[in-house]
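Asker:
Number of protein chains: 2
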Amino acid sequence: MQLCSRCGGDRVVYHRVYSNERLCRACFIETFERRVVRTIGRYNMLRRDDRIAVAVSGGKDSLALLHVLWKIEKRFPEARLFAVTVDEGIEDYREEAVRYAVEYANKLGVDVYVVSFRQLYGFDLQEVMETSEYRGLGLQACSVCGVLRRKAINYAAKQLGATVIATAHTLDDIVQTYFMNILRGDLKRVEIGLRREEDGAIPRVTPFRLTPEREVVFYAYLMKIPFQASVCPNASQAMRDPIRKFLMEYDEKYPGSLYAALKSFEKILPAQDKEFTQRRCRVCGEPSSKEICRGCELLTFIQRGAVCGGMS
Amino acid sequence: MQLCSRCGGDRVVYHRVYSNERLCRACFIETFERRVVRTIGRYNMLRRDDRIAVAVSGGKDSLALLHVLWKIEKRFPEARLFAVTVDEGIEDYREEAVRYAVEYANKLGVDVYVVSFRQLYGFDLQEVMETSEYRGLGLQACSVCGVLRRKAINYAAKQLGATVIATAHTLDDIVQTYFMNILRGDLKRVEIGLRREEDGAIPRVTPFRLTPEREVVFYAYLMKIPFQASVCPNASQAMRDPIRKFLMEYDEKYPGSLYAALKSFEKILPAQDKEFTQRRCRVCGEPSSKEICRGCELLTFIQRGAVCGGMS
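Residue numbers (this note's numbering), protein chains in the order written: chain A, 1060 to 1371; chain B, 1060 to 1371.
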């Protein structure tokens, strides 16, 4: 019979392959949460008096993050926690997610702020994607959505007076992003979710940076967190998708590869990251590698175009 | 009808997707060879009076390389070209490859030097892999083979008084290796095939660094170079294999990704590469990140073990 590697208990529920630990429920939860605390500490992600806006989509990762941070922050009465949810207007998908987000935040007693593309930009994602102007750009839904969602989260966080934004990107997400940036030669966006203070921008942190996706899912399951299980209908179009699949399979075959990759990137990338922080978008004032940031560029294009009525 | 993007001729044989060029036979060959020349120049790979040892396995890539370099070097009478072939002793595979290598080198009038694991180390790869001592190490055939082949090529190149070793690694191979090193957190070996002069080591260069695998295959086909088409029986075990497949598919879906990745790595990696060159293997004197290089470590282990008769 397998025993828990930590407490010797006989009800093993999880096998952590890369460290060869077998864990019972309590030890899994404890090591999971401790790793989040350690991650926050190691990268100086949060301060005791932060106003933390947690970006919550309604999926498992973000609800698990809200849950863990809510638990951790109970020990820090000076800190404030908010949930920020963006409704992009993705048909037959997002409404349900927003409901999960709001209900779970309410259950934890965390204030939740919902902001929609429609309210903020005057259009839905679906609507944009169906216009011929948008199609002419040859953009993928995920690129547009990602850029504009980021902008919407920044907006909401500012409204709340947040001092930091926490996103639920996992180890898997972060390594995927590094690979994706490498594969498109886009090294301007290299450092992800490491608290970096810049004028005019609320820093972003990723407390799941050292936690594999798989463990986040299992934690959400153990915690009985109700979440939206369906995948965004646009996900399979994403450039990220084949990278995600490849890395998942590779790490399964060679456990520990994701950690090794993260370590590699952390070692080689910081040197690249300097010039980026110098510039500010002329429209919104956020840090940008170009004169006008990608978000404002897209917005201008879309708002001028057919969606919001005629070229100006 | 499609016309050649360069000369306007009507017999297009190749579509270069990433640049959207359609090329006739002559223009494909010319641009292919010119790119090799440009690669050599850009990275300062070769000098006019080099004694070049070309590592030739008998596969398409290395025979194509021998062919191109033979063509280029005709313009540089001070340079000397040799083919170096390693017989690792892989059953039902390598003998045929060695034959192709020797015959093609003879056809071009290039001297060929064949060195075998058996002759150099006292054992065949097959033999090593079948011993229980080797199995106990949990090593993959390709790791052992790669390290020892490299050593054998160095040996042969030294015998020939070569000043540089040219290998047929393509754009694909090089990007794969970068990804593989990232995924195993092994940043000691980052720079691949860029001429680097070090005491006690013959520098290595990769004139196909900017040439996609696919074009090398097509060049070999157009040149009617006879090569061994079968794949090494051990290839599917390699850690490289899933990376190779992923990158091939990704670049097919998003043409130009391999170039973008190479550019990314060239931008971020050089800074990492300093400490490595300082140390020398205590046994063979080649550059090594450890006191004894991997090759000598493996050799000592294997030669002491059952293969060559009893633990000493």
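Note that CB positions come from ideal geometry on N, CA and C, so glycine has one too.
All values derive from a computational prediction rather than experimental measurement.
Can you confirm whether the stretch 1205-1224 of chain A touches the stretch 1292-1300 of chain B when touching is taken to mean that 3 or more C-beta pairs between the two stretches lie within less than 8 Å?
Answerer: These segments do not touch.
Asker: Can you tell which of R1153(A), D1108(A), T1144(A), E1155(A) has the C-alpha that lies nearest to the C-alpha of K1133(A)?
Answerer: The candidate whose alpha carbon is nearest that of K1133(A) is D1108(A).
Asker: Helix, strand or coil: which one does DSSP assign to A1142(B)?
Answerer: A1142(B) falls in the strand class under three-state DSSP.
Asker: Just the Cα atoms here: how many angstroms apart are E1334(B) and L1317(B)?
Answerer: Low confidence applies here, because E1334(B) scores a pLDDT of 48, under 50, leaving its location unreliable; read the following figure in that light. Straight-line Cα distance between these residues: approximately 28 Å.
Asker: Could you tell me whether the stretch 1144-1160 of chain A touches the stretch 1203-1212 of chain A, using the rule of 3 or more Cβ pairs below 8 Å?
Answerer: Contact between the stretch 1144-1160 of chain A and the stretch 1203-1212 of chain A is present, because at least three Cβ pairs lie under 8 Å.
Asker: Counting only runs that start and end within the stretch 1191-1232 of chain B, where is the beta strand (DSSP E) found for 3 or more residues in a row?
Answerer: Complete beta strand (DSSP E) runs here, min 3: 1223-1225.
Asker: Do you know offhand how far F1286(A)'s Cα is from N1079(A)'s?
Answerer: One C-alpha to the other measures close to 29 Å.
Asker: Tell me the rounded alpha-carbon separation between R1372(A) and E1186(A).
Answerer: This structure cannot settle anything about residue 1372(A), because the visible part of chain A is limited to 1060 through 1371.
Asker: Okay, do the stretch 1228-1238 of chain B and the stretch 1163-1176 of chain B touch, 3+ Cβ pairs below 8 Å being the bar?
Answerer: Output reads no: the stretch 1163-1176 of chain B does not touch the stretch 1228-1238 of chain B.
Asker: Determine the chain A residues that contact G1118(B) at a beta-carbon separation under 9 Å, and present them in chain order.
Answerer: Chain A residues near G1118(B): none, gap ~25 Å exceeds 9 Å.
Asker: Can you tell me the Cα-Cα spacing of D1183(A) and A1160(A), whole angstroms?
Answerer: One C-alpha to the other measures close to 19 Å.
Asker: With distance defined between alpha-carbon atoms, name the residue in I1327(A), E1274(A), S1202(A) nearest to G1244(B).
Answerer: It is I1327(A).
Asker: With H, G and I counted as helix, E and B as strand and the rest as coil, what does DSSP make of Y1102(B)?
Answerer: Y1102(B) falls in the coil class under three-state DSSP.
Asker: Please report how far the alpha carbon of V1072(A) lies from the alpha carbon of Q1235(B), in whole angstroms.
Answerer: Whole-angstrom Cα-Cα distance: 36 Å.
Asker: Using a C-beta to C-beta distance shorter than 7 Å, which residues of chain B count as neighbours of S1175(A)?
Answerer: None at all; the shortest Cβ gap to chain B is about 31 Å.
Asker: 8 Å is my cut-off, CB to CB: does E1308(B) come that close to chain A?
Answerer: Chain A contact via Cβ: present.
Asker: Does I1131(B) come within less than 8 Å of chain A when only Cβ atoms are used?
Answerer: Taking Cβ atoms only, chain A never reaches closer than 8 Å to I1131(B), which makes this a no.
Asker: Given this structure, state the Cα-to-Cα distance separating E1356(A) from F1324(A), to the nearest angstrom.
Answerer: Looking at the two C-alpha atoms, the distance is approximately 29 Å.
Asker: Let me see if you follow: with CB-CB separation under 8 Å, is I1327(B) close to chain A or not?
Answerer: Interface residue, yes.
Asker: What span of residues does the beta strand (DSSP E) with I1261(A) cover, start to end?
Answerer: Taken as a continuous stretch (DSSP letters only), I1261(A) belongs to no beta strand (DSSP E), as it is neither H nor E.
Asker: Let's test the definition: count the other Cβ atoms within 10 Å of the Cβ of G1118(B) and tell me whether it reaches 16, buried, or not, exposed.
Answerer: G1118(B) is buried by the Cβ-count criterion.
Asker: If you reduce the DSSP assignment to three classes, tell me which class P1285(B) lands in.
Answerer: In the structure shown, P1285(B) sits in coil (DSSP, three-state: anything other than H, G, I, E or B).
Asker: I think V1157(B) touches V1173(B), with their Cβ atoms under 8 Å apart; what is that distance to the nearest whole Å?
Answerer: Going by Cβ atoms, the distance from V1157(B) to V1173(B) rounds to 6 Å, so yes, they are a contact pair.
Asker: With distances taken between CB atoms, is the gap from A1200(B) to N1293(B) smaller than 8 Å?
Answerer: In contact: A1200(B) and N1293(B) (Cβ atoms closer than 8 Å).
Asker: Taking Cβ positions, are A1221(B) and I1111(B) nearer each other than 8 Å?
Answerer: Yes, the Cβ-Cβ distance between A1221(B) and I1111(B) is below 8 Å.
Asker: Mind checking R1097(B): buried by the 16 CB within 10 Å criterion, or exposed?
Answerer: Exposed is the call here.
Asker: Scan the stretch 1214-1245 of chain A for residues whose Cβ lies nearer than 7 Å to a Cβ of chain B and list them as they occur along the chain.
Answerer: Residues passing the 7 Å Cβ filter: I1241, L1242, R1243, G1244.
Asker: For Y1280(A), count the other beta carbons within 10 Å of its own beta carbon; 16 or more makes it buried, fewer makes it exposed. Which is it?
Answerer: So Y1280(A) counts as exposed.
Asker: DSSP puts H1074(B) in a beta bridge; with which residues?
Answerer: For H1074(B), which the question treats as bridged, DSSP gives the partners R1081(B).
Asker: With contact counted as at least three CB pairs below 8 Å, one residue from each stretch, are the stretch 1260-1269 of chain A and the stretch 1259-1266 of chain B in contact?
Answerer: The answer is no - the stretch 1259-1266 of chain B does not touch the stretch 1260-1269 of chain A, with fewer than three Cβ pairs under 8 Å.
Asker: With distances taken Cα to Cα, identify the nearest neighbour of V1206(A) among R1363(A), R1353(A), Q1362(A).
Answerer: The shortest Cα separation from V1206(A) among R1363(A), R1353(A), Q1362(A) belongs to R1353(A).
Asker: For C1016(A) and E1092(A), what's the separation of their Cα atoms in angstroms?
Answerer: Here chain A has residues from 1060 to 1371 only, and residue 1016(A) is not among them.
Asker: Quick check on A1112(A): does DSSP put it in helix, strand or coil?
Answerer: In this structure, A1112(A) counts as strand in the three-state DSSP scheme.
Asker: Taking only beta-carbon atoms, is S1323(B) less than 8 Å away from chain A?
Answerer: Yes, contact with chain A.
Asker: Identify every run of the alpha helix (DSSP H) within the stretch 1267-1323 of chain A, keeping only runs that are complete inside it and at least 4 residues long; order them along the chain.
Answerer: Counting only runs of 4 or more, we get 1272-1281, 1299-1312.
Asker: Nearest-angstrom Cα distance between R1070(B) and E1089(B)?
Answerer: Distance between the alpha carbons of R1070(B) and E1089(B): 15 Å.
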